[in-house]
Amino acid sequence: MLMSLLIISLVCAGTENKLSTLSDLEQQYRTLRKYYENCEVVMGNLEITSIDRSRDLTFLRSIREVTGYVLVALNQFDYLPLENLRIIRGTKLYEDRYSLAIFLNYRRDGNFGLRQLGLKNLTEILSGGVYVDQNKFLCHADTIHWQDIVKNPRSLHVIRSILSFSSTVTKTVCAEQCDGRCFGPYVSDCCHRECAGGCYGPKDTDCFACTNFNDSGACVTQCPQPFVYNPTTFQLEHNPRAKYTYGAFCVKKCPHNFVVDHSSCVRACPSNKMEVEDNRIKMCIPCTDICPKACDGIGTASLQSAQTVDSSNIDKFVNCTKINGFLNIQSWPDNMTDLSVFSNLATIGGRQQGISSLQLQSLREISAGNVHIAENSQLCYYSTVNWTRLFRTANQKVLIRNNQSPQQCLKEHMVCDPLCSDAGCWGPGPDQCLSCRFFSRGRTCVDTCNLYEGDIREYANGSVCVECDGQCERADDDSLTCHGPGPEHCVKCLHFKDGPNCVEKCPDGLQGANSFIFKYAEANNECHPCHSNCTQGCLFLFISLSRTPLIAAGVIGSLFMVVILVLSVAVSVRRKNIKKKRALRRFLETELVEPLTPSGTAPNQAQLRILKETELKRVKILGSGAFGTVYKGIWVPEGETVKIPVAIKILNEATGPKANVEFMDEALIMASMEHPHLVRLLGVCLSPTIQLVTQLMPHGCLLDYVHEHKDNIGSQLLLNWCVQIAKGMMYLEERRLVHRDLAARNVLVKSPNHIKITDFGLARLLDVNEKEYNADGGKMPIKWMALECIHYRKFTHQSDVWSYGVTIWEVMTFGGKPYDGISTRDIPDLLEKGERLPQPPICTIDVYMVMVKCWMIDADSRPKFKELAAEFTRMARDPQRYLVIQGDDRMKLPSPNDSKFFQSLLDEEELEDLMDAEEYLVPHSFNIPPLAYTPRTRMDSNKVFPFKRLQMPQRKDSKCSKFQVGKSKAVSILLFYQQEQDNYTKSRAFNSLNKQSRPSSSGPCIWLQKVECDVSVTPTLCSVKVLLLTPRLNSIM
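Quick note on the UniProt record's numbering: the sequence shown kicks off at 1 and runs consecutively.
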């Protein structure tokens, strides 16, 4: 397409004035320069006449090819700068004989004239002869090898007094095996047979010029055709490489002032075709009736020599529907008050003043040129026309002056009809509108279509009233006659109905695909096919009994037997079904149970706690949205003294029943899920506004956390988070739950080493046999969603994988915004074009490729969460190989006390007597599963946890005498609980201990070793192991 546009921009039109010149030589030179400046291919004749010696003609150096003839005559300059002209095609000859004519180029009363021709690269004249004569100052004749340049040596040529100039010989020196031009004397130096004017290599792309057509730099016999034959399917198929012939070039698109005729760009359609426009492409198609008449304008074709429209040529515009070129009307009869004979007016420079309206209701476009309407004292309606809508290009202009003023026109009631739209009109009446306000019937504007009344019934095609097909029967009542074009859209047929179409009569011997078609009409006037044995038509379905009595008897007998057999089977089956129904009814009436339809799915044994509103205390608002509000709160179970920090999600009072149902669905999903990396539902409070109670995550969402601590987060922590999110999503996939809203904002931070997925408001459980969920309307997080979710609202586990990839990208960019600066409505087009989120600066190609796999268009090509968990687990073992973070070795684990969200929680409520929800739910376990291990050095427990008292489990036969807190070399917090008993033997110690942490007494003790410390609000979230030690504790180390 770029090459085609480039070719079109370098092509210019030629002239056919021969020796005729303008009276003003200055204007003659300006016209020549305007025509050929920056031109490479002259589509027509190059005529250089009556140019004096002082003019600059260097702009002619760009010309490489002339399709017609070259005429140089009556000039006074001394040098013709056509150095780059290589080929003259001679499609039109001067005096029907010469393609190159150079004569009379001198001044008779002076010493000025043509002395040298710059045709050093002219190597081919395809048609016509050469005439060079009467050039006073040209010398040294007969030195040019014209036999090498002229294709037909027998063409007439006259050479007199010509100065020798250096030209390239490309034909007479060639080897005998060359059938055209060459670039050397050897057999291997032959040009391609499509080359014209020589070449510099043997290929079709090495030609100086092309004999036939230039297809993007390659010389070809013909341009790629619109249709090509497929030998496999034996059919003509559309050619995607098709191009149009434009002069000697192959182009993908014709110039805007040309039309497409089959595979060529032509100025006007032939007489048996008419011009139509499809997708802004003008093309010629065969006429179905009388063709619209396209007339030639001034300066083109039959009016090439005409200067004005006068009595000698006015008859050429009779019945014209289009004028090619332009009109310059300088006189008009007094008794004609409009210009309705024209339909493509470009210029009006009227000198008479009798025109009152233009009447150009057929005018739809002015392809080129400007509009000039002036000095028409009685002309109205012109001011209502929006001329810019008629122009093809932006540089076209309109000049209107000294006509009847719009105010005077208004006084004389010369205004547009009320049925015309605001686009204006050409004259009075509803048939002169540029566009209609309501509907149009043909060229006339109407207020309504004849849908239910009138002799001719219509249907509305947008704002156009179209007559119903002639085979439609007109409705007598107030109902439609048709609802579309053609006989297949009739409401009721006038005669007969053959399939979906209304026809005048049923087919009677029409040629079909393999045989003749015969049909008969039923009582309802519908056509039905005759029996296959009928070869000359029929009156009804069965063949004539008089002609074929045996066949008819056999057919009727067979049909009777078939009917009896079918009835017998139907009666038998009905009796069996009745017996089954009666037996089932007796069974249900006695047993009162429903029939079994086992699904094989395991029962959901999750338990839901119903909490009282008095057990909950709201402390602080954490956030709010359209669904409701989330509070930080305290849960004090009834009859107990413990306080459990919780998050309370409350539904707004203004929400309706549907919101309540969705809220309870979310509670069902959260209660059914139990996993270390999913937020746990503690209970539901069925107060007037439903409340969901969940664990409180003390460090907020992961999105804010990574943004706040981006300078302290290392590679291992980032990859551990990727593993934990993947494991949580893998658990959801195993439980057949689609999250639908996975994002960094919906991942909460319990501790720097432990994150949990939350917000199941959009999640949906899939049934046993379901593999996808189709969502209803509503707002969706477009930038986190897969393409199939955006287009079809289809959600699967693999669409969650796409969201997982975006979530990981957010983490790796420390809270970056996906597709920042791009509108949501542009996201689908961007994804379909193949664009994705860029590679984060800290990620190696290995990590980024995992993200890219998550964003594949084909959902089945994306990895599973099990594969993602395994992949990131492998990377987490060698984190600095996959994530490159400056100063990664020196980074410390983000301090939990430095979190803004954590500090806001501490400021609101006294933490004394607080207990974590997980410890409360499992109160008697000494082996709580530890969290993910990290080799980072942990902080001092006294700094991490601001607690005052720690409640320890006790045995019934023990008496508490001492409580100590210390720490070991294994970076674990140690708790001592001593008993006053003797003669205990020492049990096995599993850890080397710090000497300062040994008990001071000699009695045995229960040693509680904290294996992993959790940085939540209360210290009871830490997991512990129990060691029983004897008085001989001093020997441990």
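Where is the CB? At the ideal position from N, CA and C, for every residue including glycine.
Being a predicted model, the structure only gives us computed values, none of them experimental.
- If you ignore the 5 residues before and after residue 151, its C-beta comes within less than 8 Å of the C-beta of 124, 125, 126, 127, all in its own chain and listed in chain order.
- Looking at the DSSP output, residue 374 shares a beta bridge with 401.
- By the Cβ rule, the stretch 636 to 647 does not count as touching the stretch 709 to 725, because fewer than three pairs are nearer than 8 Å.
- In the structure shown, the three-state DSSP call for residue 440 is strand.
- Taking 9 Å as the cut-off, the beta carbon of residue 419 is found closer than this to the beta carbon of residue 430.
- For the options 237, 220, 232, 219, the alpha carbon positioned closest to that of residue 226 is the one of 237.
- DSSP places residue 508 in the strand class (E or B) of the three-state scheme.
- By the criterion of a C-beta distance shorter than 8 Å, residue 210 is surrounded in its chain by 194, 195, 196, 219, 220, 248, once the five residues flanking it on both sides are discounted.
- Counting along the chain, the unbroken beta strand (DSSP E) around residue 277 starts and ends at 273 to 278.
- Put simply, the backbone Cα of residue 20 is about 23 Å away from that of residue 89.
- With respect to the C-alpha of residue 240, the residue from 812, 252, 232, 174 having the closest C-alpha is 252.
- DSSP, read as helix, strand or coil, puts residue 411 in helix.
- A residue is called buried when at least 16 other Cβ atoms come within 10 angstroms of its Cβ; residue 471 meets this threshold and is buried.
- With fewer than 16 other beta carbons inside 10 angstroms of its own, residue 832 counts as exposed.
- Residue 748 is a Cβ neighbour of residue 699, given a cutoff of 9 Å.
- About 15 Å separates the beta carbon of residue 673 from that of residue 865, a gap too long to meet the 8 Å contact definition.
- C-alpha of residue 34 to C-alpha of residue 231: approximately 51 Å in a straight line.
- The beta carbon of residue 313 sits closer than 7 Å to those of 303, 306, all from its chain and outside the five residues before and after it, given in chain order.
- The three-state secondary structure of residue 365, taken from DSSP, is coil.
- A residue is called buried when at least 16 other Cβ atoms come within 10 angstroms of its Cβ; residue 213 meets this threshold and is buried.
- A contact between stretches requires three or more CB pairs, one per stretch, nearer than 8 Å, and the stretch 400 to 414 fails this requirement with the stretch 441 to 455.
- The beta-carbon separation of residue 17 and residue 37, rounded to 18 Å, does not stay under the 8 Å limit for a contact.
- For residue 229, the uninterrupted beta strand (DSSP E) segment begins and ends at 227 to 230.
- Collapsing the DSSP output to three states places residue 574 in a helix.
- Relative to the Cα of residue 480, the nearest Cα in the group 468, 666, 533, 488 belongs to 468.
- Taking all protein chains in view, the Cβ of residue 810 is crowded by 16 or more other Cβ atoms within 10 Å, so the residue is classified as buried.
- Per the Cβ contact rule, the stretch 401 to 409 is in contact with the stretch 356 to 374 (3 or more Cβ pairs under 8 Å).
- Residue 891 and residue 790 have their alpha carbons spaced roughly 40 Å apart.
- When the beta-carbon positions are compared, residue 787 and residue 683 stay at least 9 Å from each other.
- In the DSSP assignment, residue 214 falls outside any alpha helix (DSSP H) and within the unbroken beta strand (DSSP E) covering 213 to 215.
- The three-state reading of DSSP puts residue 27 in helix, counting H, G and I together.
- The three-state reading of DSSP puts residue 426 in coil, since its state is none of H, G, I, E or B.
- Counting along the chain, residue 707 sits inside the alpha helix (DSSP H) bounded by residues 702 to 708.
- Contact holds between the stretch 74 to 83 and the stretch 46 to 62, because three or more Cβ pairs, one in each stretch, are under 8 Å apart.
- Ranked by Cα distance from residue 200, the first of 169, 851, 861 is 169.
- Counting only residues of its own chain and dropping the five nearest sequence neighbours on each side, residue 519 has a CB closer than 8 Å to the CB of 498, 506, 507, 508, 527, 528, 529, 530.
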